[in-house]
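This report concerns only the one structure given below.
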Amino acid sequence: MKDIDAKVLSSDMLAEGLIRIILYAPDIAAQAKPGQFIHMLVPDNAHVLRRPISLMAMDAHAGTLTLAIQPKGRGTQILCAMKPGDSVKCLGPLGTGFDGGDAKTIYFVGGGVGVAPICGAMDAFATETSCAFFGFRTRNHVYGMTQAPCRVVAVSDDGSIGEKALVTKPLLEEIEKKRPDLIMACGPTPMLAAVQKIAVERDIPCQLSLEERMGCGIGACLGCNVKITCPDGSWCYKRVCKDGPVFDAKEVAFGG
Amino acid sequence: MADLSLDLCGVHFKNPVIAASGTFGFGREYDELYDISALGGISVKGLCLGGRMGNPPSRLTETPGGMLNCVGLQNPGIESFIEHDLPWLLEKDVNVIANFFGTSIDSYCAAAEAFANTGVHMLEMNISCPNVHDGGVAFGVKPESVYEITRAVKAHSRQPLIVKLTPNVSDITENALAAQEAGADAISLINTLTGIAVDVHRRRMILSNNTGGLSGPAVRPVALRMVWQCAQKVRIPIIGLGGIETGEDAAAFMLCGAKAVQVGTANFTDPFACPRIVKELDAYCDAQGIGNPQEIVGTLRSN
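Listed below in structure tokens is the structure:
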């Protein structure tokens with residue numbers, strides 16, 4: 001974990017409403033694992049909270065990190081407006097990552113901006129028998145498909161790419177054909193809750209990457225805590241920034 | 257190089273910069289970034305006997321020049337802190353201020369007493385948390401109840417007792433005086449200002465607790481004013497906090513009458529904020545030709 005001045009190497013539109021930024025951040029890239037994130041300071045001296053941004057790709061050799069940022073609020077809009085040569089304070093790598101373990105067949109599930117960290121996980125853990133399931137709003141929102149290291153099935157909200165369906169439909173169909181050793185998922189909460197249900201009902205190991213508003217980003221302030229179920233049925237709050245953002249699907253308590 | 261050291265209620269501090277409660281955990285996370293011995297003190301995450309779960313998400317949101325939080329005093333309990341975290345913290349060369357709270361006068365007293373045989377250097381009584389429904393700020397609004405709880409807890413305190421005051425009152429100096437008369441050794445101010453954040457698209461409150469506590473540079477002018485007002489009225493030392501981001505901000509609080517300062521929200525913007533502020537305060541003293549920043553405490557000239 002380091003707090004460094006990262007340099008923006010490039011910034012371009014990855015898909016509708018999504019900006020891809022490549023940073024030169026060798027100290028972070030050398031340590032980063034898929035599923036981890038960096039805490040970025042909005043470079044205008046006016047925002048007291050940093051923005052947690054997950055890693056879409058990391059290249060330790062080149063010293064680069066690839067991010068996909070949705071310019072949703074003022075802070076992320078300023079981050080997305082950065083130009084090559086600009087410098088931005090980044091603390092990282094932070095949080096737990098995805099863990100492929102010895103899984104031979106992994107099904108990856110991504111929705112919207114949540115496809116980005118899944119791309120990082122696929123680069124690290126995809127095998128020939130693995131398969132990814134991406135859900136996008138429309139074909140204009142599609143990204144992460146061309147250089148995928150395994151088969152990808154895309155669906156959309158309007159049917160402009162793939163089936164007009166929720167991403168869980170092709171996931172279930174594939175599970176019927178071949179049960180995976182592991183599922184990794186990141187996306188909107190309803191999608192994660194649906195994937196959790198599918199995995200837990202079938203006793204398939206599953207890792208979910210969660211998102212929450214964050215304060216410190218390193219586990220001190222307890223601002224990003226979410227409800228986690230313990231094996232004995234009781235529950236507690238755990239920190240998305242330090243104990244997560246990747247959690248075992250069995251322990252995540254949605255709607256808490 | 258200025259001498260930044262001070263004596264606060266008989267406790268020696270190497271410098272007047274203290275990490276504020278609730279933003280710094282028990283110091284472990286920040287110690288991974290730098291040696292926390294660089295700080296004068298750490299006011300640990302607010303503790304109570306038996307611990308507390310805290311509020312559901314969302315617990316925080318950014319606001320112009322600041323942030324709102326409603327963490328709700330989540331903590332593992334004084335017992336767990338003393339067993340698992342305090343021994344580690346006491347090995348560091350930094351003063352440990354145990355921030356604590358209860359839900360009744362009796363439980364506040366029991367909490368203070370639980371630290372009696374520990375190496376904790378000071379106690380900071382939180383009667384100003386806006387984010388819990390039982391206790392907290394309920395004891396901190398009326399001067400009579402500030403007096404009553406301070407007097408009771410002081411009798412159960414082995415270490416110097418700091419009373420942390422809420423700004424959500426009509427005249428904070430009345431509460432500062434009440435704390436002093438009841439035997440408080442020092443006061444710290446300000447805790448957060450109560451606010452709300454609105455999601456206009458969903459037409460809902462953003463925070464799970466609806467209201468939250470406002471902190472960060474947005475509150476600094478209010479905090480400076482309150483520290484200055486209290487410094488005109490009380491004799492006991494004041495620890496100033498509220499939106500301190502730089503060494504010069506710390507100096508401003510000291511000019512207003514604070515002997516020491518606490519740094520909270522700035523830790524989120526810059527995880528190295530506390531040690532940076534120590535260095536900047538040193539540089540400020542050198543530039544001003546000051547040997548020790550204690551020389552300027554309360555020397556602000558009014559117009």
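Residue numbers (the numbering used here), protein chains in the order written: chain C, 1 to 256; chain W, 257 to 559.
Built from N, CA and C at the ideal position, the CB exists for glycine as well.
Output, in chain order, the set of chain C residues within a Cβ distance shorter than 7 Å of residue 313/W.
What residue 313/W touches in chain C, judged by beta-carbon distance under 7 Å, is 212, 225, 226, going in chain order.
Requested in this report: Note down, in chain order, each residue of its chain lying with its Cβ closer than 6 Å to the Cβ of residue 206/C, except the 5 sequence neighbours on either side.
Outcome: 183, 199, 249.
Could you check the C-alpha separation between residue 224/C and residue 540/W for me, to the nearest Å? Straight-line measurement puts the Cα of residue 540/W at about 36 Å from the Cα of residue 224/C.
**Message:** Taking the beta carbon of residue 3/C as the centre, do at least 16 other beta carbons fall within 10 Å, making it buried, or is it exposed?
**Reply:** Buried is the call here.
Original post:
Under 8 Å between C-beta atoms, does residue 330/W make it to chain C?
Top reply: Flagged as an interface residue toward chain C: residue 330/W, by a C-beta distance shorter than 8 Å.
Q. How big is the Cα-Cα spacing for residue 374/W and residue 335/W?
A. If I take the Cα positions, the gap works out to 11 Å.
Discussion item. Restricting to runs no shorter than 4 residues, where is the alpha helix (DSSP H) found entirely within the stretch 13 to 68 of chain C?
Written reply: Those alpha helix (DSSP H) runs which fall completely within the stretch 13 to 68 of chain C and span 4+ residues are 26 to 29.
Quick check: what's the CA-CA separation for residue 434/W versus residue 352/W?
Roughly 25 Å separates the two Cα atoms.
Just the C-alpha distance for residue 471/W and residue 132/C, rounded to the nearest angstrom, thanks. Each residue's alpha carbon lies about 43 Å from the other.
* For residue 114/C, which residues of its own chain have a beta-carbon under 6 Å away from its beta-carbon, when the five flanking residues on both sides are left out? -> So the list reads 186, 187, once near-sequence residues are dropped.
**OP:** In the DSSP assignment, find the unbroken beta strand (DSSP E) run with residue 154/C in it and report its ends.
**Re:** Counting along the chain, the beta strand (DSSP E) containing residue 154/C begins and ends at 151 to 156.
Check: For a contact meaning CB atoms closer than 9 Å, what does residue 216/C contact in chain W?
Finding: For a Cβ distance threshold of 9 Å, residue set 279, 280, 281, 285, 286, 523, 524, 527 of chain W lies close to residue 216/C, ordered along the chain.
With distance defined between alpha-carbon atoms, name the residue in 383/W, 360/W, 523/W nearest to residue 419/W.
When each option's Cα is compared against that of residue 419/W, the closest is 383/W.
>> Just verifying my parser: in three-state terms, what is the DSSP assignment at residue 300/W?
In response: Secondary structure of residue 300/W (DSSP, three-state): coil.
- request: Scan the stretch 323 to 352 of chain W and note each continuous alpha helix (DSSP H) run of 4 residues or more that stays entirely inside, going in chain order.
  value: Fully enclosed alpha helix (DSSP H) runs of 4 or longer: 342 to 346.
#### Entry: Short-range partners of chain C found in the stretch 389 to 422 of chain W, where Cβ spacing is below 9 Å
Taking 9 Å as the cut-off between beta carbons, none of the residues of the stretch 389 to 422 of chain W comes near chain C.
Task: C-alpha distance - residue 153/C paired with residue 37/C, whole-angstrom precision - done: C-alpha separation (whole angstroms): 26 Å.
Under 8 Å by Cβ, that's how I've got residue 328/W and residue 310/W pegged, so tell me the actual separation to the nearest angstrom. Rounded, the Cβ-Cβ distance is 4 Å, consistent with contact.
State the Cα-Cα distance for the pair residue 40/C and residue 76/C, rounded to the nearest angstrom.
Roughly 10 Å between the two C-alpha positions.
Review point. Can you name, in chain order, every residue of its own chain whose Cβ lies under 6 Å from the Cβ of residue 119/C, other than the five neighbours on each side?
Key: Excluding positions up to five away in sequence, the list reads 56, 144.
Tell whether a beta-carbon distance below 8 Å holds between residue 210/C and residue 240/C.
-> Cβ atoms of residue 210/C and residue 240/C: closer than 8 Å.
*Contacting residues, own chain, Cβ-Cβ under 7 Å from residue 140/C (five flanking each side not counted)*: If we look at residue 140/C and ignore the five residues flanking it on each side, its Cβ neighbours are 15, 16.
**Prompt:** Would you say residue 348/W and residue 261/W are within 8 Å of each other, going by their C-beta atoms?
**Reply:** Against a cut-off of 8 Å, the Cβ pair of residue 261/W and residue 348/W comes out as no contact.
**Request:** Within the stretch 412 to 466 of chain W, note down every full beta strand (DSSP E) run reaching 3 residues or more, in order along the chain.
**Result:** Correct list: 417 to 420, 442 to 445, 449 to 452.
Looking at the C-beta of residue 473/W, does it have a partner C-beta in chain C at a distance below 8 Å? Chain C, which has a Cβ nearer than 8 Å to the Cβ of residue 473/W, makes this yes.
C-alpha gap between residue 105/C and residue 176/C, whole angstroms: Looking at the two C-alpha atoms, the distance is approximately 14 Å.
(request) Can you give me the start and stop residues for the beta strand (DSSP E) that residue 87/C sits inside? (result) DSSP places residue 87/C in the uninterrupted beta strand (DSSP E) bounded by 87 to 94.
message: Let me see if you follow: with CB-CB separation under 8 Å, is residue 306/W close to chain C or not?
response: Residue 306/W has a beta carbon lying at 8 Å or more from every beta carbon in chain C.
Exercise for the section: Please list the residues of the stretch 156 to 171 of chain C that have a C-beta atom closer than 9 Å to any C-beta atom in chain W, keeping them in chain order. Expected result: Only those residues of the stretch 156 to 171 of chain C whose C-beta falls short of 9 Å from the nearest C-beta of chain W would be listed, and there are none.
Using a Cβ-Cβ cut-off of 8 Å, state whether residue 123/C counts as contacting chain W.
No, its Cβ sits nowhere closer than 8 Å to a Cβ of chain W.
Consult DSSP for residue 278/W and reduce its assignment to one of helix, strand or coil.
DSSP places residue 278/W in coil when its eight states are reduced to three.
*Check whether the Cβ of residue 230/C lies closer than 8 Å to any Cβ atom in chain W.*
Not closer than 8 Å to any Cβ of chain W, the Cβ of residue 230/C fails to qualify, so no.
How big is the Cα-Cα spacing for residue 71/C and residue 94/C? Computed Cα separation, rounded: 22 Å.
* Put residue 168/C into one of helix, strand or coil per three-state DSSP. => Here residue 168/C carries a helix assignment [DSSP, helix/strand/coil].
Q) Listed from N- to C-terminal order along the chain, which residues in the stretch 43 to 61 of chain C have their beta-carbon within a distance smaller than 8 Å of any beta-carbon of chain W? A) Result list: 46, 47, 48, 49, 50.
For residue 598/W, which residues from the same chain have a beta carbon less than 6 Å from its beta carbon, with the 5 sequence-adjacent residues on both sides left out?
Here chain W covers residues 257 to 559 and nothing more, so residue 598/W does not appear.
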